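In our numbering, the protein residues as written are 58 to 323.
Each residue gets a CB set at the ideal place from its N, CA and C atoms; glycine is no exception.
Remember, predicted model here, so these are calculated numbers, not experimental data.
A short write-up of the structure that comes next.
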């Protein structure tokens, strides 16, 4: 063996430490807020199994029964997120759990429940630049701190695609993290632009609920290429594709490079 390829001397760990360090790493795989959400989903599954005297070990029957049971109590579209959280929590102990989740029986059960029990989706219109102009006209001369702070958050979130969770401080102390807070010391202001450093963000491929997407809609309507929007918003490929599937107006704007309302007014 060549001298340069020799490995440095390392002390062997005990099995107990290996198990402990692995557990710590698994616990840090997702953010604290996502971990709490997944833990809540797992608790729902454990309660269901106890209530019906089913084994905790995931099977096709327990997952499909849990799916149909929960769809009678909550919006079926949320049950898919529950199942993802349960898989995340149980996979270290039951490696086959994702195969069970993606099985035809469970998938078709969830699809059927969505057709039978889902309610219509009601979405608010995305913010436009005209809305921002109205907000600026309304609040720019205000001397109330909360008004100015609100205006600053809206403008920065819109332009930089900052997520809501990155602009606010959680009430729950266990979810508060300085790793995702832009510091005032990083703020740089010139006559043409401002900039600041965002230390980190919740790069979680399962959770979609906290993203501020109005700015992405405006960029698409302005003709910005989809790869640029994805890069600015720091989306994973799958998350960005899901956003496009759920927002056909944005897809139209990406294809034609102009707002869909322009076609209606021609």
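Classify residue i as helix, strand or coil using the three-state DSSP reduction.
| i | result |
| --- | --- |
| residue 63 | coil |
| residue 16 | Outside the shown range of the chain, which is 58 to 323, sits residue 16, and nothing can be said about it. |
| residue 91 | helix |
| residue 194 | helix |
| residue 239 | coil |
| residue 204 | helix |
| residue 105 | helix |
| residue 100 | helix |
| residue 159 | coil |
| residue 151 | coil |
| residue 74 | helix |
| residue 168 | helix |
| residue 264 | Below a pLDDT of 50, predicted positions are generally treated as unreliable, and residue 264, at 35, falls in that range; the measurement from the model is reported next regardless. Three-state result, residue 264: coil. |
| residue 119 | helix |
| residue 211 | helix |
| residue 69 | coil |
| residue 225 | coil |
With DSSP as the reference, identify every bridge partner of residue i, one or two as the case may be.
| i | result |
| --- | --- |
| residue 252 | 245 |
Assuming contact is defined by CB atoms lying nearer than 8 Å, are residue i and residue j in contact in what I supplied?
| i | j | result |
| --- | --- | --- |
| residue 150 | residue 98 | no |
| residue 192 | residue 208 | yes |
| residue 121 | residue 186 | no |
| residue 146 | residue 95 | yes |
| residue 155 | residue 144 | yes |
| residue 241 | residue 223 | no |
| residue 215 | residue 255 | no |
| residue 110 | residue 231 | no |
| residue 81 | residue 116 | no |
| residue 212 | residue 244 | no |
| residue 233 | residue 239 | no |
Could you tell me whether any non-hydrogen atom of the ligand FAD is closer than 7 Å to the CB of residue i?
| i | result |
| --- | --- |
| residue 122 | Absent from the structure shown: the ligand FAD. Ligands present: none. |
Touching or not, the stretch 166 to 178 and the stretch 120 to 129, by the rule of three or more beta carbon pairs under 8 Å?
-> Verdict: yes, contact present.
Indicate whether the contact test is met: 3 or more Cβ pairs, each with one atom in the stretch 109 to 123 and one in the stretch 151 to 166, closer than 8 Å.
-> Result yes; three or more Cβ-Cβ pairs closer than 8 Å.
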